[in-house]
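Chemist:
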Amino acid sequence: MEKVVRTTVWSAGPGCHGGCGVKLYVKNGKVTRVEGDENHPWNQGRLCVRALAMTQYMYHPDRITHPMKRAGKRGEGKWERISWDEAYATIEAKLRDIRAKHGAESVIFCQGTGRDMGGPITLLMYAYGSPNWVNYGLSGHCCYSPRQVAMHATQGDYCVADCAQFLEKRYDDPAWKVPKVIIVWAQGPTASDPDAFYGHWIIDCMKRGSKLIVVDPRTPWLATRAEIHLQIRPGTDGALALGMLNVIINEGLYDKEFVDKWCYGFDELKERVQQYPPEKVSQITWIPKQQIIEAARLYATSKPAAIHWGVPVDMNAEGAVVAQAINALWAITGNMDNPGGNVIARASHGVTSYPYTQDEMKKLYGEELFKKLTLKRISADRYPAFRNFRAWAQPDAVLEQVESGHPYPIKGAWMQSINALSCMGADPKRHFAALKKLDFIVIVDLFLTPTAQALGDIFLPAATFPEKESLRSWWAPLSVIVKAVEIPECKSDWEINLELARRLSTTDFPYKTVKELINARLAVAGKDYDELAKKGSWEMPPEGPSKPYYRYKRGLLRKDGKPGFNTPTGKVELWSKFWEQSGVDPLPYYEEAPESPVSTPVLWEEYPFIMSTGVRSPALFHSEHRQIPWLREIEPNPFVEINPEAAKKLGINNGDWVYVENQRGRVKAKAKVTPVVPPYMVMVGHGWWLPETDGKEPNFYSVWDVNVNTLIPMGTQGRCGYGGGSYKICLCRVYPMK
Ligand SMILES: Nc1nc2c(c(=O)[nH]1)N[C@H]1C(S)=C(S)[C@@H](COP(=O)(O)OP(=O)(O)OC[C@H]3O[C@@H](n4cnc5c(=O)[nH]c(N)nc54)[C@H](O)[C@@H]3O)O[C@H]1N2
Ligand SMILES: Nc1nc2c(c(=O)[nH]1)N[C@H]1C(S)=C(S)[C@@H](COP(=O)(O)OP(=O)(O)OC[C@H]3O[C@@H](n4cnc5c(=O)[nH]c(N)nc54)[C@H](O)[C@@H]3O)O[C@H]1N2
Ligand SMILES: [Mo]
Numbered sequence: 016m017e018k019v020v021r022t023t024v025w026s027a028g029p030g031c032h033g034g035c036g037v038k039l040y041v042k043n044g045k046v047t048r049v050e051g052d053e054n055h056p057w058n059q060g061r062l063c064v065r066a067l068a069m070t071q072y073m074y075h076p077d078r079i080t081h082p083m084k085r086a087g088k089r090g091e092g093k094w095e096r097i098s099w100d101e102a103y104a105t106i107e108a109k110l111r112d113i114r115a116k117h118g119a120e121s122v123i124f125c126q127g128t129g130r131d132m133g134g135p136i137t138l139l140m141y142a143y144g145s146p147n148w149v150n151y152g153l154s155g156h157c158c159y160s161p162r163q164v165a166m167h168a169t170q171g172d173y174c175v176a177d178c179a180q181f182l183e184k185r186y187d188d189p190a191w192k193v194p195k196v197i198i199v200w201a202q203g204p205t206a207s208d209p210d211a212f213y214g215h216w217i218i219d220c221m222k223r224g225s226k227l228i229v230v231d232p233r234t235p236w237l238a239t240r241a242e243i244h245l246q247i248r249p250g251t252d253g254a255l256a257l258g259m260l261n262v263i264i265n266e267g268l269y270d271k272e273f274v275d276k277w278c279y280g281f282d283e284l285k286e287r288v289q290q291y292p293p294e295k296v297s298q299i300t301w302i303p304k305q306q307i308i309e310a311a312r313l314y315a316t317s318k319p320a321a322i323h324w325g326v327p328v329d330m331n332a333e334g335a336v337v338a339q340a341i342n343a344l345w346a347i348t349g350n351m352d353n354p355g356g357n358v359i360a361r362a363s364h365g366v367t368s369y370p371y372t373q374d375e376m377k378k379l380y381g382e383e384l385f386k387k388l389t390l391k392r393i394s395a396d397r398y399p400a401f402r403n404f405r406a407w408a409q410p411d412a413v414l415e416q417v418e419s420g421h422p423y424p425i426k427g428a429w430m431q432s433i434n435a436l437s438c439m440g441a442d443p444k445r446h447f448a449a450l451k452k453l454d455f456i457v458i459v460d461l462f463l464t465p466t467a468q469a470l471g472d473i474f475l476p477a478a479t480f481p482e483k484e485s486l487r488s489w490w491a492p493l494s495v496i497v498k499a500v501e502i503p504e505c506k507s508d509w510e511i512n513l514e515l516a517r518r519l520s521t522t523d524f525p526y527k528t529v530k531e532l533i534n535a536r537l538a539v540a541g542k543d544y545d546e547l548a549k550k551g552s553w554e555m556p557p558e559g560p561s562k563p564y565y566r567y568k569r570g571l572l573r574k575d576g577k578p579g580f581n582t583p584t585g586k587v588e589l590w591s592k593f594w595e596q597s598g599v600d601p602l603p604y605y606e607e608a609p610e611s612p613v614s615t616p617v618l619w620e621e622y623p624f625i626m627s628t629g630v631r632s633p634a635l636f637h638s639e640h641r642q643i644p645w646l647r648e649i650e651p652n653p654f655v656e657i658n659p660e661a662a663k664k665l666g667i668n669n670g671d672w673v674y675v676e677n678q679r680g681r682v683k684a685k686a687k688v689t690p691v692v693p694p695y696m697v698m699v700g701h702g703w704w705l706p707e708t709d710g711k712e713p714n715f716y717s718v719w720d721v722n723v724n725t726l727i728p729m730g731t732q733g734r735c736g737y738g739g740g741s742y743k744i745c746l747c748r749v750y751p752m753k
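For what it's worth, our numbering labels the leading residue of the sequence shown as 16, then goes sequentially.
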């Protein structure tokens, strides 16, 4: 008998930040196929190729389905099967030993991107007593957090382009308005979303009349459908935003009423943007002056208008400052929490969306531990913005401390859902050298990756989303992940971390099962796991702080219940007090990337391409899916996009194998000769390793041959610790492989 289980997608499988509603068809205890749930308000039945290939992922012969311990030396590729009892006992003993000798802070808790991991990993980390949660190797902490901290500094909340995603009836809800203009700024909606936002929403809006402005050095498909395509020089987005502010302010096109009533620091911003007239901005960005002016006018005079942006914003030098400047655009045009503008995105029903919050932590582990941890976090002294915002340690500072042992030594690493050596880490050879000196490393993953092979002492096999119970409130709907099937010796990240948290906690730990823990998180909303599971796994936000619009007028954003924004002044702070308190410039400014035709002109002669990397492929999630037949067929090789004109000069034909090289190293890639990239730029695919090749040292699945991150340095973070990283802006040359 076949049954259908309705559930929510997040993490292992498609790999993404997820949120789709799906129907799993289950027969004899196995998932046989996956379909989009037509009732789900976010994906409305649509589904990506990675979700459709789910059965190939779950039942792949290379998937690790039992715990293992290293048998030979690190890197020898020898593993021995062990029981969960032995795995837990070994980990408990080792971690206790490190804690006794060096303090709990000497173990770092490393995760990759925003999968269903913030909850489990911080639960375990705090129970153990370490403050060091890190996106290990992500130079500049340059994914999402720079935008997030900039928005926190500006209006105390996260904002997102409004495609009616917070309303159950979506586009049919009369409260919603179609954005007249959407700026797609450094984002690839058709490939890279869901990123708690869906690419097809942009297309749904276009069908309802939205015009596009696309800000992208390349010409992705959406740019060919745009009213204006601003073909920007990579890494100069800050200058463009300041130039657009200049036009909008000097031409009086901003929303005077909103600015007078709800903004703080407008005069200071006005003065600052005088340094960025369109002429100068055109020189910096390589965009014609008239286009900058037209784009600014079109955006400011279209009401409502929305901005949707992506990770290259964060990866600009001073990415948080760039985000601050873009945020000022929607603020001064009054596109704040209005229908069809940029709306505030809060976790549905007020349920915690990610890591353990300060309040939850204090309740679980006590006030004292909390205070102590904040003081010991790596980088908290160096970067006040890291101390004062969320709970992460700064990745460049973490690497320095792993290498130097100062101010205290790092002895162990818990690596859960991260492939540091082939994806997240810039300069992976440096990480390899630093991490192999640690006493103890646990890997929690589904496949043996280069990182697991090179560094792991214990490997714990994680469950995919159809195999687990979990929760998702990022941002809507409030959803549960419903367990449909089981693979006997694979466990969910929640199960693994809860068991170890119970064993290692220094205080009495209240939860015995994952369901109890989830229900404790759902309690603030008066909800229950089984009830949501029965309803089809989700429920849209009720009236209140997690549902738009105009919450600042209704007193729904601040703890004191007064109207206004969640900032010290209660206004949108164009001049930010948070930044002032963090010791950085309270106003936005432009900074050139450390390596570029402008900042390193001599290097540019030797390496005549701007190298951007990591444009997302719909068939792959970062370093994953290289083993999955349907997906590898779509994206078979590490690639470099090169313009036909440039390729011709170099004697490179479409499909040729080439070297991409700079002063830090070289990698192999297959040329995609395409006018999508301009002649001065190449785009290199990221996250590559070849699981079909030898996994032992020194090859590690060919990671050093094909991972473009060997050409990218660590240590190019922004002044506040957030932003930068050189993933999107370095220099390189390309030549045929003989
Ligand atoms: N050159 C270049 N490098 C980049 C980028 C770029 O643009 N260019 N982008 C950067 C960005 S923005 C990011 S966020 C990072 C991402 O970097 P990572 O997060 O490290 O990359 P992934 O390959 O997605 O995931 C790592 C591992 O998580 C495992 N995994 C997946 N789901 C689960 C799960 O539910 N549980 C467990 N335990 N394991 C799971 C996968 O099998 C995989 O081995 O990469 C960065 N690296
Ligand atoms: N299928 C799939 N989806 C994913 C991921 C994945 O690996 N696969 N990864 C997830 C993660 S963690 C992230 S962070 C997001 C990232 O996804 P996005 O935010 O969409 O980022 P990218 O795909 O790196 O780049 C988007 C566009 O920005 C352009 N671009 C490059 N440099 C610049 C620049 O300096 N300025 C401007 N204005 N544009 C630039 C590129 O040409 C590209 O067209 O995707 C998430 N979703
Ligand atoms: Mo990311």
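Where is the CB? At the ideal position from N, CA and C, for every residue including glycine.
Between I657, I307 and I264, which lies nearest to E6 when the distance is taken from Cα to Cα?
Modeler: This structure does not reach residue 6, given that the chain is present from 16 up to 753, and the question cannot be answered.
Chemist: Tell me the start and end of each unbroken alpha helix (DSSP H) in the stretch 488 to 522 that is at least 4 residues and wholly inside, in chain order.
Modeler: Those alpha helix (DSSP H) runs which fall completely within the stretch 488 to 522 and span 4+ residues are 508 to 519.
Chemist: By the DSSP assignment, the beta strand (DSSP E) with C747 in it spans what residues?
Modeler: As a first step, residue 747 is located in the sequence shown; it is residue number 732 there, counting from the start. Residues C745 to P751.
Chemist: Rounded to a whole number of angstroms, what is the C-alpha to C-alpha distance between L646 and W94?
Modeler: Mapped onto the sequence shown, residue 646 falls at position 631. Mapped onto the sequence shown, residue 94 falls at position 79. L646 and W94: Cα-Cα distance of roughly 28 Å.
Chemist: H323 and F212 - do their beta-carbons sit closer together than 8 Å?
Modeler: Looking up residue 212 in the sequence shown gives position 197. Looking up residue 323 in the sequence shown gives position 308. Yes. Within cutoff.
Chemist: Is any non-hydrogen atom of ligand 5 found closer than 7 Å to the C-beta of M698, if you look at the structure I gave you?
Modeler: As far as ligands go, the structure on display features ligand 1, ligand 2 and ligand 3 and does not contain ligand 5.
Chemist: Looking at C-alpha atoms only, which residue of P633, R679, A435 and I502 is the closest neighbour of N150?
Modeler: Taking the first residue of the sequence shown as 1, we reach residue 150 at position 135. The option with the nearest alpha carbon to N150 is A435.
Chemist: What residue ranges within the stretch 392 to 480 form continuous alpha helix (DSSP H) runs of no fewer than 4 residues, ordered along the chain?
Modeler: 399 to 402, 410 to 419, 443 to 450 and 465 to 470
Chemist: Kindly list the residues whose CB is nearer than 7 Å to the CB of L268, restricted to its own chain and excluding five residues on each side of it in sequence; keep chain order.
Modeler: Here residue 268 refers to the residue found at position 253 of the sequence shown. Counting only Cβ-Cβ distances below 7 Å, and skipping sequence neighbours, we find R312, A315 and T316.
Chemist: Can you give, in chain order, each stretch of the beta strand (DSSP E) that sits fully within the stretch 155 to 185 and has at least 3 residues?
Modeler: Along the stretch 155 to 185, the beta strand (DSSP E) occurs as fully enclosed runs of 3 or more residues at 174 to 176, listed in sequence order.
Chemist: Buried or exposed: where does V564 fall if 16 or more other Cβ atoms within 10 Å of its Cβ makes it buried?
Modeler: Taking the first residue of the sequence shown as 1, we reach residue 564 at position 549. Residue 564 is actually Tyr in this sequence, not Val. With 16 or more Cβ atoms within 10 Å of its Cβ, Y564 is classed as buried.
Chemist: Relative to the C-alpha of L245, which residue among K192, C220, I308 and D275 is closest?
Modeler: Counted from its first residue, the sequence shown places residue 245 at position 230. Ranking the options by Cα distance to L245, first place goes to I308.
Chemist: Along the beta strand (DSSP E) that carries N677, what are the first and last residues, could you check?
Modeler: As a position in the sequence shown, residue 677 is number 662, starting the count at 1. Segment W672 to N677, the beta strand (DSSP E) holding N677.
Chemist: I'd like to confirm something about E639: is its beta-carbon nearer than 7 Å to some heavy atom of ligand 1, or not?
Modeler: The sequence position of residue 639 within the sequence shown is 624, counting from 1. Yes, ligand 1 has a heavy atom inside 7 Å of this Cβ.
Chemist: Could you name the residues, in chain order, whose CB is less than 5 Å away from a heavy atom belonging to ligand 3?
Modeler: T128 and C158
Chemist: Per DSSP, I198 forms a beta bridge with which residues?
Modeler: The sequence position of residue 198 within the sequence shown is 183, counting from 1. DSSP, once it has assigned bridges, lists I228 and I322 as partnering I198.
Chemist: What's the gap between the Cα of P354 and the Cα of G325?
Modeler: Working through the sequence shown from its first residue, we reach residue 354 at position 339. Working through the sequence shown from its first residue, we reach residue 325 at position 310. If you take the alpha carbons of P354 and G325, they lie about 21 Å apart.
Chemist: Is it the case that the Cβ atoms of D442 and I97 are separated by a distance below 8 Å?
Modeler: Locating residue 442 in the sequence shown gives position 427, where the first residue counts as 1. Locating residue 97 in the sequence shown gives position 82, where the first residue counts as 1. For D442 and I97, no; Cβs fall outside 8 Å.
Chemist: In the DSSP assignment, find the unbroken beta strand (DSSP E) run with Q126 in it and report its ends.
Modeler: For the purposes of this step, residue 126 is taken as the residue at position 111 of the sequence shown. V122 to Q126 is the span of the beta strand (DSSP E), which, as asked, contains Q126.
Chemist: Is it right to say Q339 is buried, meaning 16 or more other beta carbons lie within 10 angstroms of its own, or is it exposed?
Modeler: For the purposes of this step, residue 339 is identified with residue 324 of the sequence shown, where counting begins at 1. Per the 10 Å Cβ criterion, buried.
Chemist: Run the proximity test for D231: is its beta-carbon closer than 7 Å to any non-hydrogen atom belonging to ligand 2?
Modeler: The residue given as residue 231 occupies position 216 in the sequence shown. At least one heavy atom of ligand 2 is nearer than 7 Å to the Cβ of D231, so yes.
Chemist: Would you say the beta carbon of S26 comes nearer than 7 Å to a heavy atom of ligand 1?
Modeler: Your numbering for residue 26 matches position 11 in the sequence shown. S26: yes, Cβ under 7 Å from ligand 1.
Chemist: Identify every residue that forms a DSSP beta bridge with D210.
Modeler: Translated into positions along the sequence shown, residue 210 becomes position 195. Paired residues: G33.
Chemist: Take D545 as the anchor and find which of K586, Q59, F524 and L486 has the nearest alpha-carbon.
Modeler: For this step, residue 545 is matched to residue 530 along the sequence shown. By alpha-carbon distance to D545, the top candidate from K586, Q59, F524 and L486 is L486.
Chemist: Closest to E501 by CA distance: which of A477, K295, K38 and P135 is it?
Modeler: As a position in the sequence shown, residue 501 is number 486, starting the count at 1. The option with the nearest alpha carbon to E501 is A477.
Chemist: Tell me the DSSP secondary structure of M140 in three-state form.
Modeler: The residue given as residue 140 occupies position 125 in the sequence shown. It is helical.
Chemist: Quick one: what's got a C-beta closer than 8 Å to L571's C-beta in the same chain, skipping five residues either side?
Modeler: By 1-based counting over the sequence shown, the position of residue 571 is 556. Within the same chain, L571 has close Cβ partners G559 and P560.
Chemist: Enumerate in chain order the residues of its own chain whose CB-to-CB distance from D208 is below 7 Å, with the five nearest sequence positions on each side excluded.
Modeler: Here residue 208 refers to the residue found at position 193 when the sequence shown is read from its first residue. Around D208: G214.
Chemist: Please go through the stretch 611 to 669 and give each complete alpha helix (DSSP H) segment of 4 or more residues, from N-terminal end onward.
Modeler: DSSP runs (the alpha helix (DSSP H)) wholly in the stretch 611 to 669: 616 to 621, 644 to 649 and 659 to 665.
Chemist: Tell me, please, whether the stretch 399 to 417 touches the stretch 143 to 160 by the rule of three or more beta-carbon pairs shorter than 8 Å.
Modeler: yes
Chemist: Shorter than 7 Å, the distance from the beta carbon of N434 to the closest heavy atom of ligand 1, or not?
Modeler: One-based indexing of the sequence shown puts residue 434 at position 419. Checking every heavy atom of ligand 1 against the Cβ of N434, one is found closer than 7 Å.
Chemist: Taking all protein chains shown into account, decide if D108 is buried (16 or more other Cβ within 10 angstroms of its Cβ) or exposed.
Modeler: By 1-based counting over the sequence shown, the position of residue 108 is 93. The amino acid occupying residue 108 in the given sequence is Ala; Asp does not appear at that position. So A108 ends up on the exposed side.
Chemist: Curious, which full-length beta strand (DSSP E) runs of at least 3 residues does the stretch 32 to 92 contain?
Modeler: 36 to 42, 45 to 51 and 83 to 85
Chemist: Evaluate E620 with the Cβ neighbour count: other Cβ atoms within 10 Å of its Cβ, from every protein chain shown; 16 or more gives buried, anything less gives exposed.
Modeler: Taking the first residue of the sequence shown as position 1, residue 620 is located at position 605. Under this definition E620 is an exposed residue.
Chemist: Indicate the three-state DSSP secondary structure (helix, strand or coil) for S368 in the structure shown.
Modeler: Here the question's residue 368 lines up with position 353 in the sequence shown. Look at S368 here: in three-state DSSP terms it is coil, with no helix or strand label.
Chemist: Could you check what DSSP says for G596 in three-state terms: helix, strand or coil?
Modeler: Taking the sequence shown and counting its residues from 1, one reaches residue 596 at position 581. Rather than Gly, the amino acid found at residue 596 in this sequence is Gln. Residue state, collapsed to three classes: helix.
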